[in-house]
């Protein structure tokens, strides 16, 4: 490190260079002072002087924040994502060209004292920054190549010693281009990735929200040098403001198994996924108060106990699992309807009605998990046999026909398939794995008893997810789980509007959704740890479900429904056996032959 001594290096004032001729200096002094004020140089000089004259017991970057009024805004827990020890490279977008470097360096120094920022050599005129900066010359000329080589050599040595290097791989400030007003970074250099790979450092993506003013970008469209000349003024304009700085989870390059170009693409993508991304606007919806319970636990217990013996599929621990028609359980159906709406509203979905029941409940079978000891319904699914519910009214008998169009050949292909839907687990039980497992055991018993091989149904992606999270889920399913050729026989009634994920190329999108674990990590970052891949979707993927189509359900909280198709004979036998038992497996083998699952390492 370069230590700050008691007699700091004399600094050249921040000002326009004056001519050598005394006469010219006198003649141009006034206009130059006006120009310095216009460019913001006088303000920067005043702030630099304040830093130098500040309390020496206060860390220098804290004095810089005090002098500039810049206030880092970092979400709780995100600064702690920077590893507390070992070599780390922090890579961020570069929207401002001064304020972002100041905030990044000051913020990281609050986490660790051993941080250096790889930055423009222009900043070397501020000696108080020397302790925490490595300077490079992005403009070239003279012996720039030699100086840059020395800086990069020092950066690598710094990392190999186990310290933190912060940098902006773009090398220049985000800017607008003709035809695309939205400012963005130019292509990222692979140098930070090469340094990280050489030093075996962990890499942390970061993101600054916002951009410089429109006049800055307009000037750059005229000539890049105009944009450069305006950088001091943009810095001054940013001073006194709060700046949102997002920090992602570290990438361990030892586990990444990629070259510098691939790592650079990954880092830029991970950085851009951190951007503040407003939720899709949800249509105003008047929510009716949830209906109160209309029956006591004893009344519900008596109603279920009165069902025929065939309605009880099995018992496990304190739970009973039933299958029955709605007409046989009017009290329980009222309770199911209100519990559905409670569970769906908790995740940003729901009908908005006091109770969630519809005409399809009358013809579908209800699979119910009942807690005998607590005398309460724990969860439920509804299941409709295609052949039965379409017998009199065709596809109108299918709930999913309100969301998707089916070709006649699709119904023929489905045959004795079962449509599943309206699944829920009571909120108090959602952290327990058993209730959902019991529902699926009930579905397995129902499928075997009826001789059914295939099932299908929608899985909802709540509108509470950020749009980029939804895009990642859809992209993964389309690339790795498309149910060819069945998908050609189904179309959405209200297809979702698709957006490019963070402006990525096709190759970058493919890498981002290469497996569901990677998708999960990205979504956790986008959602700031509040949401992950939907639990039910995870369950469906374990059962080797395939995608048919996507649709937006405007009547159910603007959720995106992914219509998924299951084939019992393409589920891993170990997983399938858990739900149907050995006797069920023997029945399936006798009826359909040996299971032939597709082993997908992406789940």
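In the numbering used here, the protein residues as written are 20 to 622. Using N, Cα and C, we set each Cβ at its ideal position, and we do this for glycine too. Just so you know, these numbers come straight off a predicted model, no measurement behind them.
Residue 370 and residue 422 have their alpha carbons spaced roughly 14 Å apart.
Membership of residue 338 in the beta strand (DSSP E) is indicated by the continuous run 338-344. Your pair residue 381 and residue 403 does not check out as a contact, with CB atoms roughly 11 Å apart and the cut at 8 Å. Comparing C-alpha distances from residue 167 to each of 140, 189 and 93 shows the shortest one belongs to 140.
Our two residues, residue 354 and residue 368, have alpha carbons roughly 18 Å apart in a direct line. In the DSSP assignment, residue 492 forms no beta bridge with any residue.
Separation of the CB atoms of residue 511 and residue 569 is rounded to 6 Å, and the pair is thereby assigned contact status at 8 Å.
A distance below 6 Å between beta-carbons, with the five flanking residues on each side excluded, links residue 333 to the following residues of its chain, in chain order: 340. In this structure, the CA atom of residue 466 is about 7 Å from the CA atom of residue 472. The DSSP assignment places complete alpha helix (DSSP H) segments of no fewer than 4 residues inside the stretch 424-463 at 427-433, in order along the chain. Under the 10 Å beta carbon count, residue 307 is surrounded by fewer than 16 other beta carbons and is classified as exposed. Residue range 79-87 is occupied by the alpha helix (DSSP H) that includes residue 87, with no beta strand (DSSP E) assigned at that position.
Counting along the chain, the unbroken beta strand (DSSP E) around residue 475 starts and ends at 473-480.
Straight-line measurement puts the Cα of residue 358 at about 19 Å from the Cα of residue 477. Ranked by how close their Cα comes to the Cα of residue 348, the residues 318, 456 and 489 have 318 in first place.
About 19 Å separates the Cβ atoms of residue 152 and residue 179, ruling out a contact at the 8 Å cut-off.
In the assembly as shown, residue 196 is an exposed residue. Its beta-carbon has fewer than 16 other beta-carbons within 10 Å.
Proximity to residue 266 across 498, 602 and 96 peaks at 96, based on C-alpha coordinates. Look at the stretch 384-416 and you find these whole runs of alpha helix (DSSP H), each 4 residues long or longer: 405-408. Residue 433 has its alpha-carbon roughly 12 Å from the corresponding atom of residue 509.
Looking only at 531, 599, 593 and 515, the smallest Cα-Cα distance to residue 573 is reached by 515. In the DSSP assignment, residue 122 falls within the unbroken alpha helix (DSSP H) covering 118-130. Contact check between the stretch 540-548 and the stretch 447-466: fewer than three CB pairs, one atom from each, fall below 8 Å, which does not count as touching.
Of the other Cβ atoms in all chains shown, fewer than 16 fall within 10 Å of the Cβ of residue 536; this residue is therefore exposed. Within the model, the alpha-carbon separation for residue 377 versus residue 448 is close to 25 Å. Restricting attention to beta strand (DSSP E) runs no shorter than 3 residues, the stretch 160-196 encloses them at 183-186 and 194-196, ordered along the chain. Remark: C-beta atoms of residue 488 and residue 518 do not approach each other more closely than 8 Å. In summary, residue 255 is buried, with 16 or more beta-carbon neighbours lying within 10 Å of its beta-carbon over all protein chains present.
With a threshold of 16 other beta carbon atoms within 10 Å, residue 76 falls short and is exposed. Short of 6 Å from the beta carbon of residue 143, and not among the five residues preceding or following it, lie these beta carbons of its own chain, in chain order: 154. Residue range 134-139 is occupied by the beta strand (DSSP E) that includes residue 139. Look at residue 224 here: in three-state DSSP terms it is strand.
With contacts defined as CB atoms closer than 8 Å, residue 262 and residue 148 fail to qualify as a contacting pair.
The Cβ atoms of residue 211 and residue 186 sit closer than 8 Å to each other. Under DSSP, residue 538 takes part in no beta bridge, so it has no partner. With a threshold of 16 other beta carbon atoms within 10 Å, residue 93 meets it and is buried.
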